[in-house]
Amino acid sequence: MKSRILRILAVILLITASCENNSEEIQNEIQQIEVQNGLELVTGNFDQFPELKDLYKNLIIKKRNASELNNKKYYFEIDSSNIVKSSFEGDVFFTIPIIGEINQTSFENLVLTLKKNGLKEAYIINYEPDNDYLKRVSTNPFAYFTGSTGSTNLNSLSSKSCYFITYTVCTWSGHPSNSGIPVGSGCEHVETVKIEVCSGEPTVTINGSGLYSPSSVGEGQTNILQGTDVITNPIYLKVINPHIYVLNELKIPFKSSEANWLKRSENFEFLLDILSFIEVNNTIEALDFVKYSISVKMAVPNSIVDFNKLFIETPTPDTKYIYQGAKTYISNPLTLRNGDKIKITFDQTKSDGKSSNQQVAIDLIEGIKYAVEAANKNLSGSDKILGLHIFCTTNGTHSATSNHGNGTAVDISRINGKKMIVTGVTNQIKELQKAMDNYQYVRENFGPFLKHKYSKESNSWNYNYPVKGHKDHIHFSIRK
Ligand SMILES: [Zn+2]
547 MKSRILRILA VILLITASCE NNSEEIQNEI QQIEVQNGLE LVTGNFDQFP ELKDLYKNLI
607 IKKRNASELN NKKYYFEIDS SNIVKSSFEG DVFFTIPIIG EINQTSFENL VLTLKKNGLK
667 EAYIINYEPD NDYLKRVSTN PFAYFTGSTG STNLNSLSSK SCYFITYTVC TWSGHPSNSG
727 IPVGSGCEHV ETVKIEVCSG EPTVTINGSG LYSPSSVGEG QTNILQGTDV ITNPIYLKVI
787 NPHIYVLNEL KIPFKSSEAN WLKRSENFEF LLDILSFIEV NNTIEALDFV KYSISVKMAV
847 PNSIVDFNKL FIETPTPDTK YIYQGAKTYI SNPLTLRNGD KIKITFDQTK SDGKSSNQQV
907 AIDLIEGIKY AVEAANKNLS GSDKILGLHI FCTTNGTHSA TSNHGNGTAV DISRINGKKM
967 IVTGVTNQIK ELQKAMDNYQ YVRENFGPFL KHKYSKESNS WNYNYPVKGH KDHIHFSIRK
């Protein structure tokens, strides 16, 4: 308990130190933090709080009707079914969600205060959540907020440059993982942390001890206002299904089957990955990859999509095979039998962070050499394959019976530095895959051009092997 308070103090002191406050103000804040655990939270609807009706009438309705205040800021719609009353030492604060635009992930709360000294004030606090918050709130409506925030005091005509928002967080056991549980329902310990917001919107982040601290604090922090403290826990109005809002935010015309799949809670993290990707890569290429990755994930949910590298780890199960021959590393350059040298580059898989530069079956390396040499015989000078990018050998997540595990499979994702997902089917891909079919120990040959599998056991080919994905790479495996 003691150490937790000290941690909070450290956070507050850090904030205030940069504000150049005098020591008296710092002292005041410390005392306030120490006594704020007497906070009571009650949830209910508008009619369950008789004092709220008066407050709302005086602070909002009357202002709307006052002719001298021709100001749109008093016009908004509230969700009267979802209200949190916070009481602390005789001061009362009501937090009410404001019904906003349907296609936004940002949201606003109206906070009405009724202080024991008679002061009544209304604030609109707006929140711009980050993806982590959206993830948390999708499973817990009381999840702690991270993102950026700003506020308007509806009672003040002059624009104020600084104010305080006080967040309550559940710090049960002091673990951040527990701090998201609903405050007031099963939470064993509530802490309140005060954040100063001045001229601009500092980003609010959660630190290692599970408490809030602004990661950046705005300029001009000496002008601290008195008596404007607000106690509020953000209420995310769209908690019913944040998936829909993120989906709308993406502004991608999905098919209804895709949209329905993306709305499933188990796919929410994937949906947020798409959002993060599209936010920085809003190109046709990127959209194509998003659509492709959805089709692969829908067919094979345990595929792992690496949006940064436009690569999908697609499971390719086979019958269990133990390779008895020798293994070695794929050399760079890789020297073909005709003496030509091929540049080899390696990568690392998202799922395990491991490099693809691992030992593989010598017969697999011989197969790559054979296929490149044969392909180059059919390619014109400028089209010849000079380099291969190896994304997977034994690295990555593969099914237990996949040939990757035993070092007899390779995933090639780029030819001459160009990603297959970007180039589409080229002559190089066609010739390389055709040549792979002719390698004496070929097993699987799955890629953008064809999906062939040879069964040594039955000496037969399947020329339409039903494996998903592989538009972004050639999976080539051998069996001796
Ligand atoms: Zn593979």
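Each residue of the sequence shown is one higher than the one before, counting from 547 in this note's numbering.
The beta-carbon is built from N, C-alpha and C at its ideal position, and this holds for glycine as well.
Task: Expected contact under 8 Å - CB spacing of Leu660 and Glu597 to nearest Å - done: Within the sequence shown, residue 660 is the residue found at index 114, counting from 1. Within the sequence shown, residue 597 is the residue found at index 51, counting from 1. About 7 Å separates the beta carbon of Leu660 from that of Glu597, a gap short enough to meet the 8 Å contact definition.
Open item on the list: Just verifying my parser: in three-state terms, what is the DSSP assignment at Tyr621?
Closed with: The count along the sequence shown starts at 1 and reaches residue 621 at position 75. In the displayed model, Tyr621 falls within coil according to three-state DSSP, outside both helix and strand.
Task: Glu667 versus Asn604 - alpha carbon distance - done: The residue labelled residue 667 in the question sits at position 121 within the sequence shown. The residue labelled residue 604 in the question sits at position 58 within the sequence shown. The alpha-carbon separation between Glu667 and Asn604 amounts to approximately 10 Å.
TODO: Go through its chain and collect everything with a Cβ distance to Thr954's Cβ below 6 Å, but skip five positions before and after it.
DONE: In the sequence shown, the residue the question calls residue 954 occupies position 408. Cβ neighbours of Thr954 beyond the five flanking positions: Tyr869, Ala907, Leu910, Ser1023, Ile1024.
Open item on the list: Does His1019 pass the burial test, meaning 16 or more other C-beta atoms within 10 Å, or should it be called exposed?
Closed with: Your numbering for residue 1019 matches position 473 in the sequence shown. Counting other Cβ atoms within 10 Å of its Cβ, His1019 reaches 16 or more and is therefore classed as buried.
- [ ] Would you kindly report the start and end of the unbroken beta strand (DSSP E) that includes Glu667?
- [x] Translated into the one-based positions of the sequence shown, residue 667 becomes position 121. Boundaries of the beta strand (DSSP E) harbouring Glu667: 666-675, taken from the DSSP string.
- [ ] Consider the C-beta atom of His935 and the heavy atoms of ligand 1; say whether any pair is separated by less than 7 Å.
- [x] Stepping through the sequence shown from its first residue, residue 935 is reached at position 389. Annotation for His935 indicates a beta carbon at 7 Å or more from all heavy atoms of ligand 1.
Task: Short Cβ contact (8 Å threshold) for Leu856 with Lys965 - done: Counting from 1 along the sequence shown, the entry for residue 856 is found at position 310. Counting from 1 along the sequence shown, the entry for residue 965 is found at position 419. Note that the C-beta distance between Leu856 and Lys965 is below 8 Å.
Open item on the list: Just to confirm before moving on: does the CB-CB distance between Tyr867 and Gly913 stay below 8 Å?
Closed with: Within the sequence shown, residue 867 is the residue found at index 321, counting from 1. Within the sequence shown, residue 913 is the residue found at index 367, counting from 1. Pairing Tyr867 with Gly913 gives a Cβ-Cβ distance that is not under 8 Å.
- [ ] Would you kindly check if the distance between the Cβ of Asn591 and the Cβ of Ile629 is under 8 Å?
- [x] Here the question's residue 629 lines up with position 83 in the sequence shown. Here the question's residue 591 lines up with position 45 in the sequence shown. In this structure, Ile629 lies near Asn591, with their beta-carbon atoms less than 8 Å apart.
Task: Gln1005 versus Arg989 - alpha carbon distance - done: Sequence index remark: in the sequence shown, residue 1005 carries index 459 (1-based). Sequence index remark: in the sequence shown, residue 989 carries index 443 (1-based). The question names Gln, yet the displayed sequence has Asn at residue 1005. If you draw a straight line from the Cα of Asn1005 to the Cα of Arg989, it comes to about 11 Å.
TODO: In angstroms with no decimal places, state the Cα-to-Cα distance between Glu586 and Ser632.
DONE: The residue labelled residue 586 in the question sits at position 40 within the sequence shown. The residue labelled residue 632 in the question sits at position 86 within the sequence shown. So the two alpha carbons sit approximately 6 Å from each other.
- [ ] Taking Gly842 and Gly1015 to be in contact with their CB atoms under 8 Å, please state how far apart those CB atoms are, rounded to whole angstroms.
- [x] If you number the sequence shown from 1, residue 842 lands on position 296. If you number the sequence shown from 1, residue 1015 lands on position 469. Just to set this straight, residue 842 is Val in the shown sequence, not Gly. Between Val842 and Gly1015, the beta carbon gap of about 5 Å places them in contact (Cβ cut-off 8 Å).
Task: Other residues of its chain near Asp898: CB distance less than 8 Å, five sequence neighbours each side excluded - done: The residue given as residue 898 occupies position 352 in the sequence shown. Contacts found: Asn941, Gly942, Thr943.
Open item on the list: Which residue marks the beginning of the beta strand (DSSP E) containing Tyr602, and which one marks its end?
Closed with: In the sequence shown, counting from the first residue as 1, residue 602 sits at position 56. First-last for Tyr602: 596-602, but that is the alpha helix (DSSP H), not the beta strand (DSSP E).
Task: Euclidean distance between Cα positions of Phe634 and Cys938 - done: Taking the first residue of the sequence shown as 1, we reach residue 634 at position 88. Taking the first residue of the sequence shown as 1, we reach residue 938 at position 392. Computed Cα separation, rounded: 58 Å.
TODO: Starting from the Cα of Gly693, find the closest Cα among Arg682, Leu680, Asp676, Val683 and give me that residue.
DONE: Taking the first residue of the sequence shown as 1, we reach residue 693 at position 147. With distances taken between Cα atoms, Gly693 lies closest to Asp676.
Open item on the list: In whole angstroms, give me the CA-to-CA distance for Thr749 and Thr695.
Closed with: Your numbering for residue 749 matches position 203 in the sequence shown. Your numbering for residue 695 matches position 149 in the sequence shown. Unreliable positioning characterises Thr749 in this predicted model, as indicated by a pLDDT of 40, which lies under 50. The coordinate reading is nonetheless provided below. Whole-angstrom Cα-Cα distance: 7 Å.
Task: Cα-Cα separation, Thr881 to Ala872 - done: Numbered from 1 along the sequence shown, position 335 holds the residue referred to as residue 881. Numbered from 1 along the sequence shown, position 326 holds the residue referred to as residue 872. So the alpha carbons of these two residues sit roughly 18 Å apart.
Task: Range covered by the beta strand (DSSP E) that runs through Ile958 - done: As a first step, residue 958 is located in the sequence shown; it is residue number 412 there, counting from the start. Segment 955-961, the beta strand (DSSP E) holding Ile958.
Task: Where the beta strand (DSSP E) containing Val988 begins and where it ends - done: Locating residue 988 in the sequence shown gives position 442, counting from the first residue. Its beta strand (DSSP E) spans residues 988-992.
TODO: Just confirm the distance between the C-beta atoms of Glu815 and Lys681, as a whole number of angstroms; I'd bet it's less than 8 Å.
DONE: As a position in the sequence shown, residue 815 is number 269, starting the count at 1. As a position in the sequence shown, residue 681 is number 135, starting the count at 1. About 6 Å separates the beta carbons of Glu815 and Lys681, which is inside the 8 Å limit, making them a contact pair.
Open item on the list: I need the residues with a C-beta less than 6 Å from some heavy atom of ligand 1; please give them in chain order.
Closed with: Output, sorted by chain position: Thr862, Cys938, His950, Ala955, Asp957, His1021.
Open item on the list: Report the CB separation of Phe892 from Ile931 in whole angstroms; it is logged as a contact under 8 Å.
Closed with: Numbered from its first residue, the sequence shown carries residue 892 at position 346. Numbered from its first residue, the sequence shown carries residue 931 at position 385. Contact doesn't hold; Cβ gap of about 17 Å is too wide.
TODO: State the DSSP-derived secondary structure class of Ala1057, mapped to helix, strand or coil.
DONE: Lying outside 547 to 1026, the shown extent of the chain, residue 1057 is not represented and no answer is given.
Open item on the list: My output table needs one value for Thr969: the three-state DSSP class, helix, strand or coil.
Closed with: If you number the sequence shown from 1, residue 969 lands on position 423. Under the three-state reduction of DSSP output, Thr969 falls in the helix class.
Task: Helix, strand or coil at Glu977 [DSSP, three-state] - done: Numbered from its first residue, the sequence shown carries residue 977 at position 431. Of the three classes helix, strand and coil, the one that applies to Glu977 here is helix, per DSSP.
TODO: Please classify Ile914: does DSSP put it in a helix, a strand, or coil?
DONE: The residue labelled residue 914 in the question sits at position 368 within the sequence shown. Residue state, collapsed to three classes: helix.
- [ ] Rounded to whole angstroms, what's the CA-CA distance from Ser849 to Ser928? Just pull it up for me.
- [x] Taking the first residue of the sequence shown as 1, we reach residue 849 at position 303. Taking the first residue of the sequence shown as 1, we reach residue 928 at position 382. When rounded, the distance between both Cα atoms is 35 Å.
Task: Neighbour-count burial assignment, Gly885, 16 or more Cβ in a 10 Å radius - done: In the sequence shown, residue 885 corresponds to position 339, counting from 1. Per the 10 Å Cβ criterion, exposed.
TODO: Go ahead and label Pro1012 buried or exposed: buried means 16 or more other beta carbons lie within 10 angstroms of its beta carbon, across all protein chains shown.
DONE: Counted from its first residue, the sequence shown places residue 1012 at position 466. Within a 10 Å sphere around the beta-carbon of Pro1012 sit fewer than 16 other beta-carbons, which makes this residue exposed.
Open item on the list: Rounded to whole angstroms, what is the Cα-Cα separation between Met982 and Thr829?
Closed with: The count along the sequence shown starts at 1 and reaches residue 982 at position 436. The count along the sequence shown starts at 1 and reaches residue 829 at position 283. Per the coordinates, the alpha-carbon of Met982 lies some 33 Å from the alpha-carbon of Thr829.
Task: Cβ-Cβ distance between Leu818 and Val846 below 8 Å - done: Taking the first residue of the sequence shown as 1, we reach residue 818 at position 272. Taking the first residue of the sequence shown as 1, we reach residue 846 at position 300. In this structure, Leu818 keeps its C-beta atom at 8 Å or more from the C-beta atom of Val846.
TODO: Taking the CB atoms as reference points, tell me whether His1021 and Phe992 lie closer together than 8 Å.
DONE: Here residue 1021 is taken as the residue at index 475 of the sequence shown, counted from 1. Here residue 992 is taken as the residue at index 446 of the sequence shown, counted from 1. In this structure, Phe992 lies closer than 8 Å to His1021 by Cβ.
Task: Reference Ser652, options Val683, Gly664, Leu658, closest by Cα - done: As a first step, residue 652 must be located in the sequence shown, where it is residue number 106. Cα-wise, what sits closest to Ser652 is Val683.
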